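The numbers in the UniProt record's numbering rise by one with no breaks, and the one at position 35 of the sequence shown is 35.
Beta carbons are placed, not taken as given, at the ideal position from N, Cα and C, and that holds for glycine.
Just so it is clear, the structure is predicted and the values come from calculations on it, not from any experiment.
Here is the structure we will look at.
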Amino acid sequence: MELENIVANTVYLKAREGGGDSNKGKSKKWKKILQFPHISQCIHLRYKLDVRYSYIIDQQPIGRLLFRQFCAEAKPEYHKYNVFLDSIESYELEQDEQRIATAETVYKRYLQRDAPEAVDVLSLEIIEHCKESLESGNRELFNDCMAAVKTFLAGTPFTEFQDSMFFYRYLQWKWLEQQTVTYKTFRMYRVLGKGGFGEVCACQVRATGKMYACKKLEKKRIKKRKGESMVLIEKQILQKINSRFVVSLAYAYETKDALCLVLTIMNGGDLKFHIYNMGGEPGFDLARTRFYAAEVLCGLEHLHYLGLVYRDCKPENILLDDYGHVRISDLGLAVEIPEGESVRGRVGTVGYMAPEVIDNEKYTYSPDWFSFGCLIYEMIEGQAPFRARKEKVNFIRCV
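What follows is the structure, encoded as structure tokens:
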């Protein structure tokens, strides 16, 4: 058994080393696997897929890339609008102390009428509003500008894009995306961990060499525990997510014995391990805590933006990648909240459950902020704020 573990670890480590290389790890038949069909085979997809600007450009990375290539190469007069949108995104991500200076640069370069790169689809009202608010450094300063430019691009430019070879290439990618995924699509490596419904293995896509984590949910266990709806909800939720701060679903398929979810691989362990098992006193310094908390916050905000409450924010569910960044994982307890409504459910992990969850009251997103606070406390202090179930419940009800 020990020898088998050594061999499995060695093979897995070699696969990981090749996973970052564009050529290593690929099947010798990768060109055949990823060969585009003739356009006549996929032209029908334009009548089956969502072909709105808001979907193709804002939600599909390959659609965004191809539209920008179309603007830069086929219609250079549209390219400046994409550059302007990039400048707004950079402004929004700028540090507070630098944002005013960046706002002035964006205004002079794109909003002044005599500027060589002036954006000519903005109304005088929008431009004047931006000019008057430059000193505020407000992150939403250019929101109206962005909306106006996107409205313009969604018109004639997007219509022209749909009649171009760039759009046909998008359909070819979508055709490839719809091809059946099976266990033969991947190489399987060693077990990374085990859960209630099965195990998680490292895997590698044969066509690209990219590494993932394959969560195998055994059908017998699912049926025995009556977890069919829970597994289906988790898959549906994962399909909606598109954030670098939440573990994402790349593929899904089934075998005779298991349902398989192929997810972002996180090789750095979880926060619980780093808090308690990295030597020295448990816990992190404030700078490290602030860094992890900021990334978890971005993940929670993305889930809430999609109308999802997570309900299981704890150190074990926050995973690190090879570069030290974190992602939220294990969305088995997440639930979608209909707009304008609230939900009820006593679910979560003892020590991280909000008062309204314990008392079985209705709630929206507040349980996530309570458990997020518990997570921050644990990262700083090196221990959970509520040690035992009895202490936790009594303390919360006192609050």
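The alpha helix (DSSP H) enclosing lysine 219, as first and last residue numbers: 219-224 is the extent of the alpha helix (DSSP H) around lysine 219.
Limits of the alpha helix (DSSP H) - the one that glycine 63 falls within: First-last of the alpha helix (DSSP H) with glycine 63: 61-69.
Beta-carbon separation (whole angstroms), valine 205 vs glutamate 199, contact threshold 8 angstroms: Rounded, the Cβ-Cβ distance is 19 angstroms, inconsistent with contact.
For valine 149, the three-state DSSP class (helix, strand or coil): For valine 149, the secondary structure class from DSSP, reduced to helix, strand or coil, is helix.
Through-space distance from phenylalanine 167 to aspartate 86, alpha-carbon basis: Using only the alpha carbons, I get a separation of about 22 angstroms.
Those residues which DSSP pairs with valine 335 across a bridge: Paired residue(s): Val309.
Tyrosine 47 (DSSP reduced to helix, strand or coil): Tyrosine 47 falls in the helix class under three-state DSSP.
Opening and closing residue of the beta strand (DSSP E) in which isoleucine 241 lies: In the DSSP annotation of this structure, isoleucine 241 is not part of any beta strand (DSSP E), being labelled neither H nor E.
Test item: CB-CB of alanine 258 and leucine 232 under 8 angstroms: No, these two residues do not count as a Cβ contact at 8 angstroms.
Limits of the alpha helix (DSSP H) - the one that lysine 378 falls within: It should be noted that the sequence gives glutamate, not lysine, for residue 378. From DSSP, the alpha helix (DSSP H) with glutamate 378 extends over 366-381.
Where proline 157 falls, given that 16 or more other Cβ within 10 Å makes a residue buried: So proline 157 counts as buried.
Element boundaries [beta strand (DSSP E), containing alanine 252]: Alanine 252 -> beta strand (DSSP E) spans 249-254.
Integer Cβ distance of glutamate 316 from glycine 382, believed to fall under 8 angstroms: Cβ-Cβ separation between glutamate 316 and glycine 382: approximately 15 angstroms, too far for a contact (criterion under 8 angstroms).
Secondary structure of alanine 384, DSSP reduced to three states: In this structure, alanine 384 counts as coil in the three-state DSSP scheme.
Histidine 79 versus lysine 272: straight-line alpha-carbon distance, rounded: Here the C-alpha atom of histidine 79 lies approximately 47 angstroms from the C-alpha atom of lysine 272.
N- and C-terminal bounds of the beta strand (DSSP E) containing residue 400: As displayed, the chain neither begins before 1 nor continues past 399, which places residue 400 out of reach and without an answer.
Residue nearest to isoleucine 376 in terms of C-alpha spacing, selected from Gly340, Glu336, Gly283 and Leu306: If we check each option's Cα against that of isoleucine 376, Gly283 comes out closest.
Residue span of the alpha helix (DSSP H) that contains alanine 101, given as start and end: Membership of alanine 101 in the alpha helix (DSSP H) is indicated by the continuous run 96-106.
Identity of the residue in Leu141, Glu160, Leu122 and Ala115 nearest phenylalanine 67 by Cα: Looking from the CA of phenylalanine 67, the closest CA among Leu141, Glu160, Leu122 and Ala115 belongs to Glu160.
Methionine 165, enclosing alpha helix (DSSP H) - first and last residue: Element bounds for methionine 165: 165-177.
Three-pair Cβ contact test at 8 angstroms for the segment 31-48 versus the segment 162-177: Counting Cβ pairs under 8 angstroms, three or more are found: they touch.
Closest residue to alanine 293 among Glu94, Tyr253, Phe245 and Ile337 (Cα-Cα distance): A check of alpha carbon separations from alanine 293 across Glu94, Tyr253, Phe245 and Ile337 identifies Phe245 as the nearest.
Burial state of phenylalanine 386 (16 or more Cβ within 10 Å): Label assigned to phenylalanine 386: buried.
C-alpha gap between glutamate 92 and glutamine 98, whole angstroms: Between the alpha carbons of glutamate 92 and glutamine 98 lies a gap of roughly 11 angstroms.
Element boundaries [alpha helix (DSSP H), containing leucine 134]: Per DSSP, leucine 134 belongs to no alpha helix (DSSP H) and is neither H nor E.
Simplified DSSP assignment, three categories, for glutamine 204: In the three-state reduction of the DSSP assignment, glutamine 204 falls in the strand class, which pools E and B.
Coarse secondary structure for threonine 182, derived from DSSP in three states: The answer is coil: DSSP assigns threonine 182 none of H, G, I, E or B.
Rounded separation between lysine 194 and alanine 287 - CA only: Using only the alpha carbons, I get a separation of about 32 angstroms.
Between the CA atoms of tyrosine 110 and histidine 274 - distance to the nearest angstrom: Distance between the alpha carbons of histidine 274 and tyrosine 110: 46 angstroms.
Span of the beta strand (DSSP E) around leucine 319: Element bounds for leucine 319: 318-320.
Pair within 8 angstroms by beta-carbon distance, serine 248 and leucine 263: For the pair serine 248 and leucine 263, the CB atoms are nearer than the 8 angstroms cut-off.
Neighbour-count burial assignment, alanine 384, 16 or more Cβ in a 10 Å radius: Counting Cβ neighbours within 10 Å, alanine 384 comes out buried, since at least 16 surround it.
Cβ-Cβ distance between alanine 202 and tyrosine 189 below 8 angstroms: Going by C-beta atoms, alanine 202 is nearer than 8 angstroms to tyrosine 189.
Where leucine 34 sits in the DSSP three-state scheme: Of the three classes helix, strand and coil, the one that applies to leucine 34 here is coil, per DSSP.
Three-state secondary structure assigned by DSSP to lysine 29: Lysine 29 falls in the coil class under three-state DSSP.
Selected residue, minimal CA-CA separation from lysine 26, among Val357, Met230, Met211 and Asp322: Closest by alpha carbon: Met211.
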